[in-house]
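Structure first, commentary second.
Residue numbers (the working numbering): 264 to 510.
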């Protein structure tokens with residue numbers, strides 16, 4: 264418990280140091296573009312692939328479990344849409360990104376720490392936390408809505424593709440279910456959640472990487488801890504945000 268409180272205090276102090284006005288805006292924007300490409304654009308392919316297959320599987324599983332003639336077939340499309348918009352494209356996708364992006368950030372900053380590159384920055388009077396961490400946090404928070412939209416679109420496309428294979432559903436009934444009682448607020452809700460998750464992933468991963476002590480073995484341990492802690496905090500934030508925004 265004491266160790267957890269100590270880590271929380273260190274995390275808050277590091278974020279206070281990192282989230283500050285950059286002294287050189289041209290360097291900040293240069294780093295920001297690099298981080299957007301590295302953390303966001305490079306993740307587009309995995310988001311698209313996973314979303315297509317998960318959307319397809321969700322539609323097939325729902326169709327196989329709806330056997331009652333009293334339940335209209337458009338319920339398959341309606342339920343698939345609600346699952347993807349409300350939970351999958353924000354929470355589940357960010358859990359997946361926590362493994363890819365979080366480990367990347369933690370290992371990159373951790374390697375710089377153990378090779379004393381961060382110490383060299385500090386000796387030159389550079390705010391290393393601000394220079395290294397802020398572009399990563401800002402870059403992921405800026406691009407995460409794009410990944411969510413990609414996930415929603417391709418996930419629903421995967422469901423539509425599944426409707427053409429049969430399984431008790433028709434494309435027309437599935438597409439009607441996608442449009443049935445559509446609530447555009449759910450898209451806003453998912454994007455807001457994902458932005459919060461992006462901050463959680465990038466800040467926690469940066470903290471574990473920045474505070475690494477030891478050699479390369481500890482960098483690997485820090486990457487693992489970053490992914491685990493990010494996943495736990497995402498799930499806790501999911502419960503909290505759902506309660507605040509939907510109830």
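Backbone N, C-alpha and C fix where the C-beta goes; we use that ideal spot for every residue, glycine too.
The structure presented is a predicted model; accordingly, all values stated were derived computationally and were not measured.
In this structure, the beta-carbon distance from residue 432 to residue 352 does not fall below 7 angstroms.
In chain order, 456, 459, 460, 463 place their CB closer than 8 angstroms to the CB of residue 500, counting only its own chain and leaving out the 5 sequence neighbours on each side. With respect to the 7 angstroms criterion, residue 322 and residue 393 are not classified as neighbours on the basis of their beta carbons. Apart from sequence neighbours up to five positions away, the residues of its chain that approach residue 309 with a beta-carbon distance below 7 angstroms are 363, ordered along the chain. The three-state secondary structure of residue 332, taken from DSSP, is coil. Counting only the Cα atoms, residue 468 lies some 14 angstroms from residue 275.
Annotation for residue 362: no alpha helix (DSSP H) segment contains it, and DSSP assigns it neither H nor E. Secondary structure note for residue 450: its alpha helix (DSSP H) is the uninterrupted segment 448-473. Between the stretch 296-313 and the stretch 354-368 there are three or more inter-stretch CB-CB distances shorter than 8 angstroms, so the stretches are counted as touching.
In this chain, the alpha helix (DSSP H) harbouring residue 398 covers 391-426.
With a cutoff of 7 angstroms on beta-carbon distance, residue 296 and residue 370 are scored as not near each other. In the three-state reduction of the DSSP assignment, residue 508 falls in the helix class. Inter-residue distance for residue 445 and residue 292 is about 38 angstroms (C-alpha atoms, whole angstroms).
Within the stretch 290-346, the alpha helix (DSSP H) runs of at least 4 residues that lie entirely inside it are, in chain order, 307-328, 337-346. The residue from 349, 400, 277, 332 with its alpha-carbon nearest to that of residue 447 is 349. Non-local C-beta neighbours of residue 319 in its own chain, meaning closer than 7 angstroms and more than five positions away in sequence, comprise 421, 422, 424, 425, ordered along the chain. Counting only the Cα atoms, residue 438 lies some 35 angstroms from residue 496. The beta carbon of residue 391 sits closer than 7 angstroms to those of 381, 384, 385, all from its chain and outside the five residues before and after it, given in chain order. Looking only at 493, 509, 503, the smallest Cα-Cα distance to residue 366 is reached by 493. At least 7 angstroms separates the beta-carbon of residue 372 from that of residue 272. Note that the C-beta distance between residue 315 and residue 417 is below 7 angstroms. The beta carbons of residue 453 and residue 409 sit about 13 angstroms from each other, so the pair does not count as a contact at 8 angstroms.
Nearest to residue 337 by alpha-carbon distance, out of 488, 440, 485, 387, is 440. Less than 7 angstroms separates the beta-carbon of residue 281 from that of residue 396.
Here residue 387 carries a coil assignment [DSSP, helix/strand/coil].
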